[in-house]
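Undergrad:
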Amino acid sequence: MKNPLHYLLPGTCVLCNMLSYRDQDLCRSCEADLPWVDTLSNNIIALFYYQYPIDHLISALKFANKLIYAKVLGELMANKLVDSYRCESLPEVIIPVPLHKYRLRERGYNQALELARPIAKQLNIPIDFSSCVRVKHTEAQTLIPAKLRQKNVKNAFEVSKNFSAQHVAIIDDVITTGNTVRELSNVLLQFGVSRIDVWCCAKTNYAV
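For the numbering used here, add 19 to where a residue sits in the sequence shown, where the first one is 1.
Structure follows, in structure tokens:
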């Protein structure tokens, strides 16, 4: 049954600025035209290729305070994740890739955490944004050569000693070489985590 509020209070598509007539701030036409990834692996899920308009939305989210884009992208991710885990157990907790305190202070928010909010709400999974801390202030991975990215994030994360979850999902905005989530995963494994899933909004052409 269609929700009559969609017609009384129609949303506006963030891409074409037309009325969306749905819960999401994205019309069905623009959603269909997004650069969807054809296949999803079990442990590393990236929904989109890092192409227009996804690259525009993520960039504006990170650098132009467009938090509405986190809601739109997070809801799209949540819808796909529901399908992906239909026959599997969901993670116990969602861990957004943490920002260093200097970058967090500069930006004012963690884009990975903002993406996680609508996912956590729809999948009914708690977000843990305090157990994992970024202790090393690193250069942005996109600004350095691929061969140096692993060294850039080495020893960048620490995990609280009382962390006890066994199945976790790490969430980030974009995956390229995978070095950031790999480094965080290695630290979590040292604390007895038995399964780590990675949820990313987008992947580049060079992604793992």
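We treat Cβ as the ideally placed atom computed from N, Cα and C, and that holds for glycine.
Within 10 angstroms of its Cβ, does P10 collect 16 or more other Cβ (buried), or is it exposed?
TA: Because the chain is modelled from 20 through 227, residue 10 falls outside the range shown and cannot be assessed.
Undergrad: Which residues in the same chain as Y26 place their Cβ atom closer than 7 Å to its Cβ, once the five residues preceding and following it in sequence are excluded?
TA: Numbered from its first residue, the sequence shown carries residue 26 at position 7. Note that Y26 has pLDDT 46, beneath the 50 cutoff, so the model's placement of it is unreliable and the number below is only indicative. Around Y26: Y40.
Undergrad: Going by DSSP, what residue range makes up the beta strand (DSSP E) through Y68?
TA: Against the sequence shown, residue 68 aligns to sequence position 49. Counting along the chain, the beta strand (DSSP E) containing Y68 begins and ends at 63-68.
Undergrad: Can you tell me whether DSSP reads A131 as helix, strand or coil?
TA: Mapped onto the sequence shown, residue 131 falls at position 112. Here A131 sits in helix by DSSP.
Undergrad: DSSP beta-bridge partners for A221?
TA: Here residue 221 refers to the residue found at position 202 when the sequence shown is read from its first residue. Per DSSP, F67, V193.
Undergrad: Rounded to whole angstroms, what's the CA-CA distance from G42 to C35? Just pull it up for me.
TA: The residue labelled residue 42 in the question sits at position 23 within the sequence shown. The residue labelled residue 35 in the question sits at position 16 within the sequence shown. Looking at the sequence provided, one finds Asp at residue 42 rather than Gly. Approximately 16 Å between the Cα atoms of the pair.
Undergrad: Ordered along the chain, which non-local residues of its own chain (more than five positions away) have a Cβ less than 6 Å from that of H186?
TA: On the sequence shown, position 167 is the one that residue 186 refers to. P110, E111, R214, listed in sequence order.
Undergrad: Does the region 199-207 come into contact with the region 68-76, if we say contact requires no fewer than three beta-carbon pairs (one atom in each stretch) closer than 8 Å?
TA: Counting Cβ pairs under 8 Å, fewer than three are found: no touch.
Undergrad: Would you mind listing the alpha helix (DSSP H) stretches within the region 137-174 that are 4+ residues and don't spill past its ends, in chain order?
TA: Those alpha helix (DSSP H) runs which fall completely within the region 137-174 and span 4+ residues are 168-172.
Undergrad: T199 to W218, Cα distance in whole Å?
TA: If you number the sequence shown from 1, residue 199 lands on position 180. If you number the sequence shown from 1, residue 218 lands on position 199. One C-alpha to the other measures close to 13 Å.
Undergrad: Pull up the distance between the alpha-carbon of D102 and that of I64, whole angstroms please.
TA: The sequence position of residue 102 within the sequence shown is 83, counting from 1. The sequence position of residue 64 within the sequence shown is 45, counting from 1. The alpha-carbon atoms of D102 and I64 are separated by roughly 12 Å.
Undergrad: On the DSSP bridge assignment, give the partners of F176 in chain order.
TA: Here residue 176 is taken as the residue at index 157 of the sequence shown, counted from 1. For F176, which the question treats as bridged, DSSP gives the partners R153.
Undergrad: Using CA atoms only, rank isn't needed, just tell me which of A184, V33, P54 is closest to I144.
TA: Position 125 of the sequence shown, counted from the first residue, corresponds to residue 144. Among A184, V33, P54, the Cα nearest to that of I144 is on A184.
Undergrad: With respect to the beta strand (DSSP E) encompassing V112, which residues constitute its N-terminal and C-terminal limits?
TA: In the sequence shown, counting from the first residue as 1, residue 112 sits at position 93. Here the beta strand (DSSP E) through V112 covers 112-115.
Undergrad: Roughly how many angstroms separate the alpha carbons of T223 and F182, rounded to a whole number?
TA: Taking the sequence shown and counting its residues from 1, the one referred to as residue 223 is at position 204. Taking the sequence shown and counting its residues from 1, the one referred to as residue 182 is at position 163. Whole-angstrom Cα-Cα distance: 31 Å.
Undergrad: May I ask you to report which of helix, strand or coil DSSP gives V91?
TA: One-based indexing of the sequence shown puts residue 91 at position 72. V91 falls in the helix class under three-state DSSP.
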